[in-house]
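Throughout the sequence shown, residue numbering follows this note's numbering, covering 155 to 681 in sequence. No residue lacks a Cβ here, since even glycine has one placed at the ideal position from N, Cα and C. These numbers come from a predicted model, not from an experiment. One structure is given below, encoded as C-alpha cells.
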Amino acid sequence: MPELVLGPLLRHVDASAATVWVETSEPCTVRVRAGDACSEEHTFTAHGHHYALLDVGIEGPVAYEVELDDRRVWPEEGLPPSVIRPLTSLDRLIFGSCRTSVPHEEPYVRTHGPDVLRAYGLRLMESPDERPDLILLLGDQVYADELTPGMKEFIAGRRDEGPEEVVDFEEYAELYRQAWSDPAVRWLMATVPTLMIFDDHDVRDDWNTSNVWREQMAEVPWWERRIVSALGSYYVYQHLGNLPPAERAADPVLAALKADGGDEVLDTFARRADRDPDSVRWSYHRDLGGTRLIVLDSRSARVLEPGRRRMLDPGEWEWFDKHATGDFDHLLVGSSLPILLPSGIHHVESWNEAVCDGIWGRRAARWGERVRQFLDLEHWGAFRRSFEELAQVVLEVASGVRGRPPASVLLLSGDVHYSYMASVRRRGGGRVHQIVCSPIRNPLSRTLRFANIVASFGLAGVLGGVLARAGGLPRPPLRWRITKGPWFPNMMTAIELAPGEAAVTWFTDTGDQDSVRIRPEPPAAPR
Numbered sequence: 155m156p157e158l159v160l161g162p163l164l165r166h167v168d169a170s171a172a173t174v175w176v177e178t179s180e181p182c183t184v185r186v187r188a189g190d191a192c193s194e195e196h197t198f199t200a201h202g203h204h205y206a207l208l209d210v211g212i213e214g215p216v217a218y219e220v221e222l223d224d225r226r227v228w229p230e231e232g233l234p235p236s237v238i239r240p241l242t243s244l245d246r247l248i249f250g251s252c253r254t255s256v257p258h259e260e261p262y263v264r265t266h267g268p269d270v271l272r273a274y275g276l277r278l279m280e281s282p283d284e285r286p287d288l289i290l291l292l293g294d295q296v297y298a299d300e301l302t303p304g305m306k307e308f309i310a311g312r313r314d315e316g317p318e319e320v321v322d323f324e325e326y327a328e329l330y331r332q333a334w335s336d337p338a339v340r341w342l343m344a345t346v347p348t349l350m351i352f353d354d355h356d357v358r359d360d361w362n363t364s365n366v367w368r369e370q371m372a373e374v375p376w377w378e379r380r381i382v383s384a385l386g387s388y389y390v391y392q393h394l395g396n397l398p399p400a401e402r403a404a405d406p407v408l409a410a411l412k413a414d415g416g417d418e419v420l421d422t423f424a425r426r427a428d429r430d431p432d433s434v435r436w437s438y439h440r441d442l443g444g445t446r447l448i449v450l451d452s453r454s455a456r457v458l459e460p461g462r463r464r465m466l467d468p469g470e471w472e473w474f475d476k477h478a479t480g481d482f483d484h485l486l487v488g489s490s491l492p493i494l495l496p497s498g499i500h501h502v503e504s505w506n507e508a509v510c511d512g513i514w515g516r517r518a519a520r521w522g523e524r525v526r527q528f529l530d531l532e533h534w535g536a537f538r539r540s541f542e543e544l545a546q547v548v549l550e551v552a553s554g555v556r557g558r559p560p561a562s563v564l565l566l567s568g569d570v571h572y573s574y575m576a577s578v579r580r581r582g583g584g585r586v587h588q589i590v591c592s593p594i595r596n597p598l599s600r601t602l603r604f605a606n607i608v609a610s611f612g613l614a615g616v617l618g619g620v621l622a623r624a625g626g627l628p629r630p631p632l633r634w635r636i637t638k639g640p641w642f643p644n645m646m647t648a649i650e651l652a653p654g655e656a657a658v659t660w661f662t663d664t665g666d667q668d669s670v671r672i673r674p675e676p677p678a679a680p681r
C-alpha cells in the first residue's frame, strides 16, 4: 500500500491552477481533488524514489485532498485543511534562509534556537487570515555537510566508509525527508505556495568559491557522486516546483523521468549543469499583479576564471538584464547572497578578488586565495564586475531609464547569519533597499556574533576603503548604508506591498523584531 513519504508541497500557483508535489513510498496513481476539479498522474521514479507533480484547476479558494491509489492520505487527521487560493497579486511575501533540521527538543533548542518556519506554521494554523501569498526560501534549505543526529544515524546504517556528509541521491532524499517532515512545516508547505533557490550548504560549504576550490574538490574521491546527486536532487525536490506548468511540460529531463528512463538522463543533466553552467538556467521570475519577482542563481552560474570572474554567466546575465525593468509597482530581486553587504566588508572582498587575480603578484595571489576560502569572501563584492553591472541596472530601473520607476526595488538575500536592511543613498532615492534575513534556524554562537560585529561593522569599515584604494579599485557606482539591524536571532521577514509603498517586518518565533515602511522620496526640486 503506497504511503505519502513527503509532501504535499504547494508550489507554483497562478490565477487558475496550482501545482502539488508529492513523494510516495512506491509507484502509484496520485490524485488531487480541489472542489469539483480533479487531476491524476502516475508517479515517476528517480534513483528508486517515486514522485508526482500535478496541476489542478482552481476558480477560487478551495480545500484540496490527495489520494494514492484511491485512498485519501491528505489532509492528515488533526491538521487543518489545506486551502489553495488563486495567486493573482503579491500583497504579502514571507522569506528567509539557512534552516537546519535538528530536533525541536532540548538540548537542540538551546544550541540552535527555535525553528521560526515551524513556529510560523503553528501560528498560521491558529490564525489562517494572516496567511501570506507566497513563501520564498533563499538557500540552505538543507545542510548536506553539517549533519543532524538523524542523518548521521541514517548514513551509519548504510555505509561504513566515506565522509560524515551526504554523498548520493539516497542520502539526499533522506535529508529532504527529515527537513520537511515536521507536521507544522509540512502543513505550512502544503498550504502556502513556496519558491526556492539553493545556496552553498544545499551542496557544500563555499560551493564554487573559486577555480582553486573546484580543483581541490575534484581531487576528493566521492565529490563527483556528491555534486551529481546534489544537483539531481535539487532538480527534483526544489527546481521543478519553481517552474510554471508550460515550462515543466516542455522539460526533456522530466519527460525522460516520466518515460521510466530517467536515472541516467538525470545524472547526465546534473553533471552537465556542474561542468557547463551556461547549459541550464536555475534562475526564474514571476509577475504577480503589479510586482515582478526575479530569483537569481548566484552559486551555480558563476564564471570563476581569474581576471574575468562573474557571479552570473553570460546567458544568465542576458536573461536578468532582459527582465530587470520598470513599469511595475515593485521589483524584487532575490539572491541567496547579499548584494549590499556592510560597505567595509564589500571593499575587503573586492580587494581580495584583485589580489587573487594577481594585482600584487603570484605569491600574494596564492595567499589571497587562502584568505578568500577561510573567510568566505565570495559574495557579490568579490565578483566586482558583476556587482557593478547589477548596481547599474538597479539604478537605471529606480531612476526610470528602464520604464516607469517602481515604488521600491528590494534586493532580498540571506546567507550571512544575521539580518539587516541597507539603503542606497542617492538624491530622490529611497527606492532601493537590501533586505537580508538569515537564519531561519542556525544562529551564530555568541563568540561568532561578536566577531561578525567587529569584522563587518568595525574593523572592515576602517580597513575596507584603505585596501580598496591600495588595490587601485574604482569606487562602486552607488553608495549605501545599514539603516536597520544587524540582528542575530533566528527569524523570517514579511514584506507587504501596496501601490506606492512597501512595509518590511522582521519577526522571530515570539513576535516582531522591527519594521520599516518604505515610500519613495519625491525628486529634488530644481534649483
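Reduced DSSP secondary structure (H/G/I, E/B, other) of Thr242: coil
6 Å CB neighbourhood of Ala455 in its chain, flanking five on each side removed: Pro431, Leu466, Asp467 and Glu470
4 or more residues per run - each alpha helix (DSSP H) lying fully within the region 357-433: As summarised for the region 357-433, the continuous alpha helix (DSSP H) elements at least 4 residues long and confined to that stretch are 365-372, 377-388, 399-403, 406-412 and 416-429, given in chain order.
With 16 other Cβ atoms within 10 Å as the buried cut-off, status of Asp414: exposed
Cross-strand partners of Gly488 (DSSP beta bridge): Its beta-bridge partners are Val449 and Leu566.
For Gly582, the three-state DSSP class (helix, strand or coil): In this prediction, Gly582 has a pLDDT of 48, which is less than 50 and means its spatial position is unreliable; nothing more can be read from the coordinates.
For Ile248, three-class secondary structure by DSSP: Ile248: strand per DSSP, three-state reduction.
Residue burial classification, Met661 (beta-carbon count within 10 angstroms, cutoff 16): Checking the sequence, you will find Phe at residue 661 rather than Met. Looking at its Cβ environment, which holds 16 or more other Cβ atoms inside 10 Å, Phe661 is buried.
Under 8 Å between C-beta atoms of Gly557 and Ser592: no
Assigned secondary structure, Arg285 (DSSP; H/G/I helix, E/B strand, else coil): It is coil, neither helix nor strand.
Inter-stretch contact at 8 Å, needing at least 3 Cβ pairs: the region 265-274 / the region 299-316: No: fewer than three Cβ pairs fall under 8 Å.
DSSP beta-bridge partners of Ile351: The partner list for Ile351 (beta bridge, DSSP) reads Leu292.
Asp421 to His501 span [Cα, whole Å]: 39 Å
Spatial distance of Leu411 from Phe541 (CA atoms): 38 Å
Assumed close pair Pro507, Arg462 - CB separation to whole angstroms, cut-off 8 Å: Reading off the sequence shown, one finds Glu at residue 507, where the question assumed Pro. Going by Cβ atoms, the distance from Glu507 to Arg462 rounds to 11 Å, so no, they are not a contact pair.
Met155 burial status per 10 Å Cβ neighbour count (16 or more: buried): Burial call: exposed.
For Phe198: DSSP bridge partner residues: Answer is Tyr205.
Inter-residue spacing [alpha-carbon to alpha-carbon] between Leu442 and Glu307: Leu442 and Glu307 have their C-alpha atoms some 43 Å from each other.
Residue closest to Pro162, alpha-carbon to alpha-carbon, out of His196, Glu219, Asp168 and Arg635: Glu219
For Ile607, the three-state DSSP class (helix, strand or coil): In the structure shown, the three-state DSSP call for Ile607 is helix.
Test item: CB-CB of Thr197 and Val210 under 8 Å: no
Stretch pair the region 481-495 + the region 333-346: three plus CB contacts closer than 8 Å: no
Buried versus exposed call for Thr647 [16 or more other C-beta atoms within 10 Å across all chains shown]: buried
Cutoff 7 Å; reference Phe642; Cβ partners in own chain excluding five residues on either side: Around Phe642, the same chain offers Tyr572, Pro597, Leu598 and Arg603 as residues with beta carbons nearer than 7 Å, after the five sequence neighbours per side are excluded.
For Tyr218, the residue or residues it bridges with in DSSP: Paired residue(s): Ala188 and Ser236.
Spatial distance of Leu164 from Val357 (CA atoms): 24 Å
Candidates Gly293, Asp322, Met343 and Glu324: closest to Arg453 by CA position: For the residues Gly293, Asp322, Met343 and Glu324, the minimum Cα distance to Arg453 belongs to Gly293.
Alpha helix (DSSP H) segments (min. 4 residues) lying fully within the region 481-535: 497-510 and 516-528
Selection from Tyr274, Arg426 and Gly619 that minimises the alpha carbon distance to Leu342: Tyr274
Candidates Glu650, Asn365 and Pro406, of which the one nearest Asp688 by Cα: Because the chain spans 155 through 681 in this model, residue 688 falls outside it and cannot be assessed.
Interface flag, Ser497 vs chain C, CB-CB below 8 Å: Protein chain content of the structure displayed is limited to a single chain, and chain C is not contained in it.
Inter-stretch contact (C-beta, 8 Å, three-pair minimum) for the region 519-531 and the region 656-675: no
Cβ-based neighbour list, Tyr297, same chain, cut-off 7 Å, excluding 5 preceding and 5 following: Cβ-Cβ distances below 7 Å link Tyr297 to Thr254 and His355 in the same chain, with the five nearest sequence neighbours on each side left out; the list follows chain order.
Thr664 to Arg277 span [Cα, whole Å]: C-alpha separation (whole angstroms): 10 Å.
Distance, Asp287 Cα to Ala171 Cα: So the two alpha carbons sit approximately 15 Å from each other.
From Ile381, Thr601, Glu177 and Tyr574, residue whose alpha carbon lies closest to that of Ile589: Tyr574
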